[in-house]
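Sequence order for the protein chains is A and B.
Here the first sequence stands for residues 1 to 655, where the numbers follow the UniProt record's numbering.
Here the second sequence stands for residues 1 to 655, where the numbers follow the UniProt record's numbering.
Notes for the one structure printed next.
Number of protein chains: 2
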Amino acid sequence: MVLNSNKVENFSIPAVGASVNAVQMPPLEVHKVCLPPSKTTAQKLRHRLSEIFFPDNPLHRFKNQTWLRKLVFGLQYFFPIFDWAPNYSFELLKSDVVSGVTIASLAIPQGISYAKLANLDPRIGLYSSFVPPLIYSILGSSRHLAVGPVSIASLVMGTMLSESVSSTTEHDLYLKLAFTATFFAGLFQASLGFLRLGFVIDFLSKATLVGFMAGAAVIVSLQQLKGLLGIAHFTTRMQLIPVLSSVFHRIDEWSWQTIVMGVAFLVFLLTTRQISMRKPKLFWISAAAPLTSVILSTLLVVCLKSKVHGIQTIGHLRRGLNPPSSNMLYFHGSHLALAIKTGLVTGILSLTEGIAVGRTFASLRNYQVDGNKEMVAIGLMNMAGSCSSCYVTTGSFSRSAVNYNAGAQTVVSNVVMAAAVLVTLLFLTPLFHYTPNLILSAIIITAVIGLIDYQAAYKLWKVDKLDFLACICSFFGVLFISVPIGLAIAVGVSVFKILLHVTRPNTGVLGHIPGTQIYRNVTRYRDAMRVPSFLIISIEAPIYFANSTYLQERILRWIREEEEWVASNDRSNLKCVILDMTAVTAIDTSGLDTISELRKILEKRSLKLVLANPVGSVMEKLHESNILESFGLEGLYLTIGEAVADISSSWKAQP
Amino acid sequence: MVLNSNKVENFSIPAVGASVNAVQMPPLEVHKVCLPPSKTTAQKLRHRLSEIFFPDNPLHRFKNQTWLRKLVFGLQYFFPIFDWAPNYSFELLKSDVVSGVTIASLAIPQGISYAKLANLDPRIGLYSSFVPPLIYSILGSSRHLAVGPVSIASLVMGTMLSESVSSTTEHDLYLKLAFTATFFAGLFQASLGFLRLGFVIDFLSKATLVGFMAGAAVIVSLQQLKGLLGIAHFTTRMQLIPVLSSVFHRIDEWSWQTIVMGVAFLVFLLTTRQISMRKPKLFWISAAAPLTSVILSTLLVVCLKSKVHGIQTIGHLRRGLNPPSSNMLYFHGSHLALAIKTGLVTGILSLTEGIAVGRTFASLRNYQVDGNKEMVAIGLMNMAGSCSSCYVTTGSFSRSAVNYNAGAQTVVSNVVMAAAVLVTLLFLTPLFHYTPNLILSAIIITAVIGLIDYQAAYKLWKVDKLDFLACICSFFGVLFISVPIGLAIAVGVSVFKILLHVTRPNTGVLGHIPGTQIYRNVTRYRDAMRVPSFLIISIEAPIYFANSTYLQERILRWIREEEEWVASNDRSNLKCVILDMTAVTAIDTSGLDTISELRKILEKRSLKLVLANPVGSVMEKLHESNILESFGLEGLYLTIGEAVADISSSWKAQP
């Protein structure tokens, strides 16, 4: 029943056979499908684990080296400072001093502002710009990262902590929780790096981050209306609705002096930002603008002090260096879970920003940043920070960009910045007494408004609708629900996208491009011609439990449709189904069952089932599960072309 | 800098070029990589949705038909009874009567036993073997499914409900919750089918189910020691430890008469099971054994009644048909959540069993069972059951196998079985008064022991270690924690496996098999030769946010290793990297960024990056994101062979 000889008259050997003949090869040379080199379970596990945890093969430099070299490499590996310090020159130092001073002028006002965003003392912001950069300069491998507090992590910490604990009435507890959260953030970051689980942060896809940052920026900007409008009573909640209602239910508290001055400085800051964005060479304009505004606004307030009232200022700031805070870490009690949760979320977010920024500038200068090593560096820096009155820090995008543009060459620019902050802490803090809060709000708004990347969102929409959905979910999740839930929803959407692709993979019918050995999708390539009596189906996904039923049904539908088409167009009967397994990158036990069952079903219908080009891991599984034996020698081919040529010649042989 | 002409002397055109010449084609015919036919967003969405929800294209029969035919097809679609009833013959009826009576003899003792497993009245078990089979015979599309209560669903319902509500002291509430859970199970099943979300049950992979069933079978068997040992006080909890401690802390309650009789019948039942398994033709031995044992043991108890005490019996069973129970459904109050949860879990488990059994026997007889339609049928049957004093029912594996072996031809065998149960309910229930509980325990143990499929577990271990892990997780999860959590862990492991495969995909270096156009993995195919100056890397996964960083690092490592090898072996310099995109079945925005960044990095190192054979969806995304423009015409090839031939000839042209 395999051959319906009365219908074979239309049948012709496809062009493949001809071209193979023409090159003087044996007419039907059929290559064997090989198994991958056999390995024991332990070897396979070892290979798999090394691919999972050490894809970059960090030890390759240590191979075939003397003990001394190995020691030097080891030191350089763990402390990148040994890598660049020996070659450090006066020329490099000059560049680093210039860039270090430039980022210090940005870091001081931003440090004060971001600390406010986290509902912390302005001094904590300055402390956090002093110790962590020093530690990073020893451990970090990025040359352009400018370390310090960042807006997203500050915002998230402020939000999550103040939903449970008030930063004003329970000030001490709040501070303890902030340091504890910082400690756990650091511990989490360092562990991720140490356990080489860095890929965890990859699950925050770019799409998720675009939406998340835009949502956070909107909320933060609206929250800054508190300072910009001079409102005294404001919600501590972070959802859109309570924030908006705080703004508009307190119109009686709006202070026109604050509004005028605030809007003026905001316009100034946004203008300098625009100028620097249009002409990157003028980066120093936006870099210098915050400090200039702080100085100008402080002078203005001092001058107008006797005449104008109602402008809130920072107030007294004590002089002095970071006090130790390890005694303030809080490892028990009812709020520990909150501290850990806050630490996890801020930790993962600051890590994402730090790694992404580091990688961006590394790729611009063509050097590598080792993600796992960076995680350890950032984590240790935060753990040390939590013991010296600092809160969560990481590499800041805005300051790193300024650092890069100002010509930074090594992490020494961070040391220079720390020195500048040291001077500020020791001598200059009293000068901030009359600095108005509104200028901090203006600085924050200017910083976060750049996080709203509508062009990226538009590109997501254009290229990938499901990525756009993840982006929108995290945007609205953050705006209306909360930061962790918004993020969780977006990660869920991203993972769902992967699962959907696996659950409903593409399949297609392939045809032969005449004069070649090439088989391609017939709907895509007009040249591609269906081969009579054959149905060649490509499966574009691993065959898993999640899609094995679908694939079986879909393949049977392809066959049904082909048979209907053949019958209605009076072509030669379908006799063989070839599954192109090139893109089937893995198979599990359900998938193996499907293949085997499909073969049985087709056998009952007098159709031959053949697999073309299974990849190594699939071939192994086919072999281990003994399915290959049921297929026999004829059921496996290295290419579709060989399968078509060999099978059709066997039909010719037995008329 | 692209060409290092002093190192090109080793370079030779690969054999591909030669063979192409030999077949009288233009020496370097390069085929264009086509975009798929362009579609609007709405068309794409429609195509995608129809692939997700209607992969089987259920409306294809309705195309190009008259109105009358469409009506007939529609009726046949929704009520398969119209499909087979017109051709029903006396011959078929004869087979169906024989098989119907056979499964009734199994269904009656099993119905009573399984109801006990769910802590329900034995009568409920008989009711559930009467109404649901009748409804299924109208709606169901499987011809061999024998419908009724099953062990797994009974067990899970009994477990989940009695963890919160006692079936003895709160008997009425328990019964209400059981019917309500049945209603929600049916609602959930019917909705899944109606919304065409049937693929949800695919996420319970075979590996998960093997572990789950074995764990459940162990627990249930141990629980049956209550009946088999005659223990009166027994835990209602379902974890291993409380059950075992119940058995051994009540040694004083063990009754030797019960034990002797119980073990004797258990041995009898297990022996008949063994005989039928060895010789499938003798299926009637194990099919008749339960009813025989029930009759024998009842007679024994009646005879020995005056002499032997301490054997617990079923007791009085009222005669009569299913009373309506819609007034007992419970849609409010504190236990509603429990009823819904129980309904969901039993619903999905019974659905999985029913669909799997239906598909198994359909494939044996070469007909199709439509999963979504079956879900609607099973769901409606359960919803109707919950209003007529039935609890969760589905297609039972053991009874369906007997049904099939006894020669059932259509669902009429279910009607015959229902009729036999009807007669039992109306006239024979008083006969069960002296049926001992121990025989029910023996029947349950015999039924569930077949669920422990250690051979399948061994095969999982042999073929796929991660599948085995999922299996083990669900086994121990069910044994030590609880049914829903055990299942959730196993599904989590299965999904983690998919994500792991995406996060850490295989990559490999391809080489050229001489005399062909074929390029294959060099570690797998010894024939495959590396092409000088080229590095051909195959990527075996979609490029997503979850793996884009990994892939970039891994590809750079391949290049680094190749360059080191080239340098140490004095070969011609690496000049071009070809990415084989055949198995890259999808790409997202992060993946696009990776490709584009990789190209920039390689450009700085004077290396050319070229993509070979991107699939349709990837090509679309490359096009939409404008990355193609940066690649230009030279960056995309239809096959690796053409890429190698074209690029190396262009090098020859410009010396």
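Glycine included, every Cβ here is placed at the ideal spot set by N, Cα and C.
Note that the coordinates shown come from a computational prediction; the quantities given were computed from them, not determined experimentally.
Own chain residues within Cβ distance below 7 Å of residue i, not counting five before or after
{"i": "B/L134", "result": "V415 and A418"}
{"i": "A/G315", "result": "H433"}
{"i": "A/S474", "result": "T208, G211, F212, G215, G486, L487, I489 and A490"}
{"i": "A/E642", "result": "V30 and H31"}
{"i": "B/L440", "result": "I112, S113, K116 and G227"}
{"i": "A/L349", "result": "I152, A153 and V156"}
Opposing strand residues paired with residue i [DSSP bridges]
{"i": "B/P436", "result": "B/T313"}
Own chain, CB closer than 6 Å to residue i, minus 5 neighbours either side, in chain order
{"i": "B/E562", "result": "L535 and L574"}
{"i": "A/L466", "result": "K497"}
{"i": "B/M160", "result": "T342"}
{"i": "B/K608", "result": "C576"}
{"i": "A/G347", "result": "A185, F188 and Q189"}
{"i": "A/P323", "result": "S389"}
{"i": "residue 669 of chain B", "result": "Lying before the first or after the last residue shown, residue 669 of chain B is absent from chain B, which here runs from 1 to 655."}
{"i": "A/V247", "result": "L225"}
{"i": "B/A232", "result": "E253"}
Residue i in three-state terms, based on DSSP
{"i": "B/L510", "result": "strand"}
{"i": "B/R46", "result": "helix"}
{"i": "B/T352", "result": "helix"}
{"i": "residue 656 of chain B", "result": "With chain B running from 1 to 655 in the structure shown, residue 656 of chain B is simply not present."}
{"i": "A/S520", "result": "The question names Ser, but residue 520 of chain A is Arg in the sequence shown. DSSP places A/R520 in strand when its eight states are reduced to three."}
{"i": "B/T394", "result": "strand"}
{"i": "A/A362", "result": "helix"}
{"i": "A/D370", "result": "coil"}
{"i": "B/M381", "result": "helix"}
{"i": "B/S482", "result": "coil"}
{"i": "B/F331", "result": "coil"}
{"i": "A/G74", "result": "helix"}
{"i": "B/P37", "result": "coil"}
{"i": "B/L464", "result": "Here residue 464 of chain B turns out to be Asp, not Leu, going by the sequence shown. Residue state, collapsed to three classes: coil."}
{"i": "B/T180", "result": "helix"}
{"i": "B/M238", "result": "coil"}
{"i": "B/E163", "result": "coil"}
{"i": "B/E51", "result": "helix"}
Same chain, Cβ closer than 8 Å to residue i, five either side skipped, listed in chain order
{"i": "B/L628", "result": "L622, G635 and L636"}
{"i": "A/P26", "result": "Note on A/P26: pLDDT 42, under 50, position unreliable in the model; the coordinate value appears next. Closer than 8 Å at the Cβ level, and outside the excluded window around A/P26, lies no residue."}
{"i": "B/L380", "result": "I135, L139, G186 and A190"}
{"i": "B/T132", "result": "Inspection of the sequence shows that residue 132 of chain B is occupied by Pro rather than by Thr. Excluding sequence neighbours, B/P132 sits near V147, G148, M381, N382, A384, G385, C390 and T393."}
{"i": "B/V23", "result": "For B/V23, the pLDDT reaches just 38, beneath the cut-off of 50, and the residue's location in the model is therefore unreliable, leaving the point undetermined."}
Distance cut-off 7 Å: residue i Cβ against heavy atoms of the ligand SAH
{"i": "A/T169", "result": "No copy of the ligand SAH appears in this structure; indeed no ligand is present at all."}
field: Any alpha helix (DSSP H) of 4 or more consecutive residues that is wholly inside the region 89-155 of chain A
entry: List check, alpha helix (DSSP H) in window: 90-117, 122-127 and 131-139.
- prompt: Which runs of the alpha helix (DSSP H) spanning at least 4 residues fall entirely within the UniProt domain "STAS" (524-647) of chain A, listed in chain order?
  reply: Whole alpha helix (DSSP H) segments, 4+ residues: 545-569, 589-604, 616-624 and 627-631.
- prompt: Looking at chain A, which residues of the region 441-466 of chain B have a Cβ within less than 9 Å of any of its Cβ atoms?
  reply: Look at the region 441-466 of chain B: the residues with a C-beta under 9 Å from a C-beta of chain A are A456, K459, L460, K462, V463, D464, K465 and L466.
Start-end ranges of the alpha helix (DSSP H) lying completely within the region 255-298 of chain A, minimum 4 residues: Fully enclosed alpha helix (DSSP H) runs of no fewer than 4 residues occupy 256-278 of the region 255-298 of chain A, in order along the chain.
query: Got a sec: which bits of the region 48-71 of chain A sit with their beta carbon under 9 Å from any beta carbon on chain B, in order along the chain?
result: Flagged, chain order: R48, E51, I52, P55, D56, N57 and H60.
task: Taking a Cβ distance cut-off of 7 Å, strictly less, list which residues of the region 319-341 of chain B are near chain A, in chain order.
output: Within the region 319-341 of chain B, no residue has a Cβ that lies closer than 7 Å to any Cβ of chain A.
query: When Cβ atoms are compared, which residues of the region 616-637 of chain A fall closer than 7 Å to chain B?
result: Those residues of the region 616-637 of chain A that come within reach of chain B (Cβ to Cβ, closer than 7 Å) are G616, S617, K621, E624 and S625.
- prompt: Between the region 536-553 of chain B and chain A, which residues of the former have CB atoms less than 8 Å from a CB of the latter, in chain order?
  reply: Of all residues in the region 536-553 of chain B, E540, A541, P542, Y544, F545, A546, N547, S548, T549, Y550 and E553 have a Cβ within less than 8 Å of some Cβ in chain A.
message: Under 8 Å, CB to CB, which of the residues in the region 494-507 of chain A have a partner in chain B?
response: Here the close residues are S494, V495, K497, I498, L499, L500, H501, V502, T503, R504, P505 and N506.
Members of the region 591-608 of chain A near chain B, C-beta cut-off 9 Å: Under the 9 Å Cβ criterion, the region 591-608 of chain A contributes L592, D593, E597, K600, I601, K604 and R605.
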